[in-house]
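Take a look at the structure below.
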Amino acid sequence: MDDDIVLSVGGAETSYDQTATRFLRSKLGALQMNQKSHYTACEKLQRVHTRMGILIVVLTTITVGFAFGTIDVIGKFGSYVVGGLSLVAGILAGIQTFSNFAGRASEHQGVAVAYGTLLREFELRTSGAFSETDNAENLVDLMGRWTEISKMAPLTKFHLRVKHGDSSEAGES
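If you're matching positions, the sequence shown starts at 0 in numbering that gives the first Met the number 0 and goes up one per residue.
The following block contains the structure:
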């Protein structure tokens, strides 16, 4: 058939019974879902990082403020509370440091931007701005870029992917 596309990315060949433009159009939903899932993951991780940071600042401010008080000011029970708050603040700071919420959010954001860039190119190519021949010639490169983005992408939670349109049993990054 004249419209058959043989796509070889990463050594695997697949034949598609459609035009390159139609093939690119069929991938727009998956690209949008990937982009939105990574942006959502980024936002959630940033929110956790910020909220935990605020809580740590509040707890350490309280404990440092009362550290200079005497037992008469806060009472014996109060000194236990202040000591407990200090302990909780230290544990939360450790969790925040070792969980690296900000770094993980940055990784998701970078991947979301990369998917967004690829998505805009797919949209431009399916809008009629490029010829079918040009789309066919660039199809392997486009799909190769998608594969590279997927390889560097951190995992997203399945419920985020479903929320943004993934209907597969186990989606890809």
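Just so it is clear, CB atoms sit at the ideal spot from N, CA and C, and this is done for glycine as well. Since this is a predicted model, take the numbers as computed values, not measurements.
(message) Using the three-state DSSP reduction, which class does A11 fall into: helix, strand or coil?
(response) In the sequence shown, residue 11 corresponds to position 12, counting from 1. In this predicted model, A11 has a pLDDT of only 47, less than 50, meaning its place in the structure is not dependable enough to derive any value.
(request) Assign E171 to one of three DSSP states: helix, strand, or coil. (result) To locate residue 171, count along the sequence shown from 1; it is residue 172. In this prediction, E171 scores a pLDDT of 46, lower than 50, which makes its location untrustworthy; the coordinate-derived value is nonetheless stated afterwards. E171 falls in the coil class under three-state DSSP.
(request) Evaluate the contact criterion for the region 18-32 versus the region 124-141: three or more CB pairs, one atom per stretch, below 8 angstroms. (result) yes
(request) Kindly examine the ligand NAP and report whether one of its heavy atoms sits closer than 7 angstroms to the Cβ of V139. (result) This structure does not include the ligand NAP; it has no bound ligands of any sort.
(request) Pull up the distance between the alpha-carbon of G82 and that of S36, whole angstroms please. (result) Locating residue 82 in the sequence shown gives position 83, counting from the first residue. Locating residue 36 in the sequence shown gives position 37, counting from the first residue. Going from the Cα of G82 to the Cα of S36 covers about 41 angstroms.
(request) Tell me the start and end of each unbroken alpha helix (DSSP H) in the region 33-68 that is at least 4 residues and wholly inside, in chain order. (result) none
(request) To the nearest angstrom, report how far apart R160 and T39 are at their CA atoms. (result) Position 161 of the sequence shown, counting from 1, holds the residue named residue 160. Position 40 of the sequence shown, counting from 1, holds the residue named residue 39. The alpha-carbon atoms of R160 and T39 are separated by roughly 9 angstroms.
(request) Measure the CB-CB distance between L27 and T125 and report whether it falls below 8 angstroms. (result) One-based indexing of the sequence shown puts residue 27 at position 28. One-based indexing of the sequence shown puts residue 125 at position 126. The answer is yes: Cβ separation under 8 angstroms.
(request) Just tell me which of M51, W145 and G102 has its CA closest to the CA of L118. (result) Translated into the one-based positions of the sequence shown, residue 118 becomes position 119. The shortest Cα separation from L118 among M51, W145 and G102 belongs to W145.
(request) Take G52 as the anchor and find which of A104, G64 and I94 has the nearest alpha-carbon. (result) Locating residue 52 in the sequence shown gives position 53, counting from the first residue. Cα-wise, what sits closest to G52 is I94.
(message) Considering Cα atoms alone, identify which of S149, H48, P153 and L84 is closest to F97.
(response) For the purposes of this step, residue 97 is taken as the residue at position 98 of the sequence shown. The shortest Cα separation from F97 among S149, H48, P153 and L84 belongs to H48.
(request) Return the CA-CA distance between M32 and Y114, expressed in angstroms with no decimal places. (result) Numbered from 1 along the sequence shown, position 33 holds the residue referred to as residue 32. Numbered from 1 along the sequence shown, position 115 holds the residue referred to as residue 114. If I take the Cα positions, the gap works out to 9 angstroms.
(request) Measure the CB-CB distance between F88 and T59 and report whether it falls below 8 angstroms. (result) In the sequence shown, the residue the question calls residue 88 occupies position 89. In the sequence shown, the residue the question calls residue 59 occupies position 60. The question names Phe, but residue 88 in the sequence shown is Ala. For A88 and T59, yes; Cβs fall inside 8 angstroms.
(request) Tell me whether the beta-carbon of I55 lies closer than 8 angstroms to the beta-carbon of L84. (result) Looking up residue 55 in the sequence shown gives position 56. Looking up residue 84 in the sequence shown gives position 85. In this structure, L84 does not lie closer than 8 angstroms to I55 by Cβ.
(message) Can you find the residues in the same chain that come closer than 7 angstroms, C-beta to C-beta, to D1, ignoring five residues on each side of it along the sequence?
(response) In the sequence shown, the residue the question calls residue 1 occupies position 2. In this prediction, D1 scores a pLDDT of 48, lower than 50, which makes its location untrustworthy; the coordinate-derived value is nonetheless stated afterwards. There are no such residues.
(message) If I measure Cβ to Cβ from H158 and keep anything under 8 angstroms in the same chain, skipping five residues before and after, which residues do I get?
(response) Position 159 of the sequence shown, counted from the start, is the residue given in the question as residue 158. Nothing listed; no residue qualifies.
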